[in-house]
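Asker: Provided herewith is a single structure, encoded as structure tokens, for subsequent inquiry.
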Amino acid sequence: MTATASDATASEAVPAAAHFRFFELEVLRTRRLGHSFLRVTFGGESLAGFRSGGYDQSLSLFLPPAHEEHTVLPSTDEDTWFGAWRAMPDADRPVMRSYTVREQRRTDGGADEVDIDFVLHGDSSPASYWAGRAVTGRRIMAIGPAVARNKSVRFQPPAATDALLMYADETALPAAAAILDRLPAGTRVSAWFEVPHADDRLDLPTRADADITWIVRGSGAGKERTERVVELLRAAGLPAAEAPYAWLAGEAGTIRAVRRHLVQERSIDRRAVRFTGYWRLGASEEELLAEAYSGRAPSEDPASAL
Ligand SMILES: Cc1cc2nc3c(=O)[nH]c(=O)nc-3n(C[C@H](O)[C@H](O)[C@H](O)COP(=O)(O)OP(=O)(O)OC[C@H]3O[C@@H](n4cnc5c(N)ncnc54)[C@H](O)[C@@H]3O)c2cc1C
-14 MTATASDATA
-4 SEAVPAAAHF
6 RFFELEVLRT
16 RRLGHSFLRV
26 TFGGESLAGF
36 RSGGYDQSLS
46 LFLPPAHEEH
56 TVLPSTDEDT
66 WFGAWRAMPD
76 ADRPVMRSYT
86 VREQRRTDGG
96 ADEVDIDFVL
106 HGDSSPASYW
116 AGRAVTGRRI
126 MAIGPAVARN
136 KSVRFQPPAA
146 TDALLMYADE
156 TALPAAAAIL
166 DRLPAGTRVS
176 AWFEVPHADD
186 RLDLPTRADA
196 DITWIVRGSG
206 AGKERTERVV
216 ELLRAAGLPA
226 AEAPYAWLAG
236 EAGTIRAVRR
246 HLVQERSIDR
256 RAVRFTGYWR
266 LGASEEELLA
276 EAYSGRAPSE
286 DPASAL
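With the first letter of the sequence shown counted as 1, position 38 gets the number 23 in this note's numbering; the numbers rise by one all the way through.
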């Protein structure tokens, strides 16, 4: 899957060769994790070929319009699906949204399962609406990884990394949690996780030596919210490190400001900062994709996105 928007506003659209393919996902069960999070566990026979690379592995979900129970795509052929999907009438076209594989596992009975943690942020947004009504047996389509080493795992710290810095808002908390899950014992991590509510401060099991600061969002939005996050970071001590690596994901405006702070005020090498806008305040994922197709999206080079 090639990221067609820049890393500052990533969305995935087109499957790259054999690394990605279509899967049919069937809802097995749901579980509320906190005020904002709903875990949807998917199964289905096609998951036998699903190979999550772990960490912040993402995938593209196709979610049905409100009047359909299941996702129906006119084609899942690598060469024709995109044109066929785009040609569907607006009212019938499933929306494509990027999400994170929180966990893939095989049950004792040999069945494959995938967890995706959805932020419920209101019924006027298609993915949030769908998740809020997900029930056992509903089927959706996804473009997901068929090989574990794939481009949709963005967390790639160089071998020499001696400290990790992480910032995530709620949309990127599933990815941050999956990263923490996998880190080896002793990895030094300083993390700032911003969530809407106090009970969104989920348990994050890890063997890493992780110092986690929760930022529970106040009523501020947009610029005010971003400034609060940067102020908190500015006041924080960073671990002494020769080769720090930063992983930042969340609302695009906040991510850019956090990156700027780390690069300009903390002198972190810009090449050691992996930053991804998971959503943008006031813009749906279609609007971000439309920008990407029209060439109006920020450049693929993260440095020039600032
Ligand atoms: C690589 C990647 C991985 C992601 N992983 C996850 C994940 O695991 N879990 C997850 O919940 N999200 C994840 N996201 C973010 C998710 O794709 C976006 O939040 C998406 O916009 C949700 O689609 P929607 O249909 O609900 O809203 P859209 O129709 O896309 O947006 C409608 C409106 O809602 C706003 N909006 C979008 N998301 C939020 C939000 N969370 N809170 C408040 N307002 C919002 C938009 O600014 C817009 O104004 C990921 C994004 C990327 C790029």
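Just so you know, even glycine gets a beta-carbon here, dropped at the ideal spot from N, CA and C.
Would the region 50 to 62 count as touching the region 133 to 152 if we require 3 or more Cβ pairs under 8 Å?
Answerer: With a cut-off of 8 Å, the region 133 to 152 and the region 50 to 62 do not count as touching, because too few Cβ pairs lie within range.
Asker: Determine the DSSP secondary structure at ASP166, reduced to helix, strand or coil.
Answerer: Walking along the sequence shown from the start, residue 166 turns up at place 181. The answer is helix: DSSP assigns ASP166 an H, G or I state.
Asker: Could you give the distance in angstroms between the alpha-carbon of ARG210 and the alpha-carbon of PRO181?
Answerer: The sequence position of residue 210 within the sequence shown is 225, counting from 1. The sequence position of residue 181 within the sequence shown is 196, counting from 1. Straight-line Cα distance between these residues: approximately 11 Å.
Asker: In the DSSP output, which residue or residues are listed as bridge partners for LEU149?
Answerer: Counting from one through the sequence shown, the residue named residue 149 turns up at place 164. For LEU149, which the question treats as bridged, DSSP gives the partners VAL174 and TYR230.
Asker: I think ARG17 touches LEU23, with their Cβ atoms under 8 Å apart; what is that distance to the nearest whole Å?
Answerer: Taking the sequence shown and counting its residues from 1, one reaches residue 17 at position 32. Taking the sequence shown and counting its residues from 1, one reaches residue 23 at position 38. Confirmed, Cβ separation roughly 6 Å.
Asker: Would you kindly check if the distance between the Cβ of SER45 and the Cβ of ALA127 is under 8 Å?
Answerer: Numbered from its first residue, the sequence shown carries residue 127 at position 142. Numbered from its first residue, the sequence shown carries residue 45 at position 60. For ALA127 and SER45, yes; Cβs fall inside 8 Å.
Asker: With THR239 and ARG139 assumed to form a contact (beta carbons below 8 Å), what rounded beta-carbon distance in angstroms separates them?
Answerer: Here the question's residue 239 lines up with position 254 in the sequence shown. Here the question's residue 139 lines up with position 154 in the sequence shown. Contact doesn't hold; Cβ gap of about 17 Å is too wide.
Asker: What did DSSP end up calling PRO79 once you bin it into helix, strand or coil?
Answerer: Against the sequence shown, residue 79 aligns to sequence position 94. The answer is coil: DSSP assigns PRO79 none of H, G, I, E or B.
Asker: Which of the three DSSP states is assigned to VAL243 in this structure?
Answerer: As a position in the sequence shown, residue 243 is number 258, starting the count at 1. If DSSP states are grouped into helix, strand and coil, VAL243 belongs with the helices.
Asker: ASP194 and ARG173 - do their beta-carbons sit closer together than 8 Å?
Answerer: The residue given as residue 173 occupies position 188 in the sequence shown. The residue given as residue 194 occupies position 209 in the sequence shown. Yes, Cβ-Cβ distance for ARG173 and ASP194 is below 8 Å.
Asker: Tell me which same chain residues have a C-beta within less than 7 Å of the C-beta of SER60, skipping the five on either side of it?
Answerer: For this step, residue 60 is matched to residue 75 along the sequence shown. Closer than 7 Å at the Cβ level, and outside the excluded window around SER60, lie TRP66 and ALA69.
Asker: Compare the Cα-Cα distances from GLY122 to each of PHE27, VAL258, GLU236 and ARG71 and report the closest residue.
Answerer: As a working mapping, residue 122 is identified with position 137 in the sequence shown. Comparing Cα-Cα distances from GLY122 to each of PHE27, VAL258, GLU236 and ARG71, the minimum goes to PHE27.
Asker: Measuring from the CB of TYR263, is there a heavy atom of ligand 1 at a distance below 7 Å?
Answerer: Taking the first residue of the sequence shown as position 1, residue 263 is located at position 278. Yes, ligand 1 has a heavy atom inside 7 Å of this Cβ.
Asker: Of all the options GLN42, ASP62, GLY222 and VAL80, which has the alpha carbon lying nearest to the alpha carbon of SER110?
Answerer: Working through the sequence shown from its first residue, we reach residue 110 at position 125. It is VAL80 whose Cα lies nearest to the Cα of SER110.
Asker: Cα-Cα, which of PHE47, ARG241, GLY235 and GLU216 is closest to TRP264?
Answerer: Locating residue 264 in the sequence shown gives position 279, counting from the first residue. Checking every option, the nearest Cα to that of TRP264 belongs to GLY235.
Asker: Run the CB neighbour count on PRO143, radius 10 Å, all protein chains shown included, and call it buried at 16 or more, exposed below.
Answerer: Numbered from 1 along the sequence shown, position 158 holds the residue referred to as residue 143. With fewer than 16 Cβ atoms within 10 Å of its Cβ, PRO143 is classed as exposed.
Asker: So TYR114 is in the alpha helix (DSSP H); what residue range does that whole segment cover?
Answerer: The residue you call residue 114 lines up with position 129 of the sequence shown. Looking at the DSSP string, the run of the alpha helix (DSSP H) that includes TYR114 is 111 to 117.
Asker: Can you give the Cα-Cα distance for SER289 and GLU270, rounded to whole angstroms?
Answerer: Position 304 of the sequence shown, counting from 1, holds the residue named residue 289. Position 285 of the sequence shown, counting from 1, holds the residue named residue 270. A caution first: SER289 carries a pLDDT of 26, below 50, which makes its placement in the model unreliable, though a value can still be read off. Rounded to whole angstroms, SER289 to GLU270 spans 22 Å at the Cα level.
Asker: Starting from SER279, trace the alpha helix (DSSP H) in both directions and tell me its first and last residue.
Answerer: Working through the sequence shown from its first residue, we reach residue 279 at position 294. Where SER279 is concerned, the enclosing alpha helix (DSSP H) stretches over 270 to 279.
Asker: Between ASP97 and ARG87, how many whole angstroms is the CB-CB distance? I'm expecting something under 8 Å.
Answerer: Locating residue 97 in the sequence shown gives position 112, counting from the first residue. Locating residue 87 in the sequence shown gives position 102, counting from the first residue. Not quite, the Cβ-Cβ distance comes to about 14 Å (not below 8 Å), so this is no contact.
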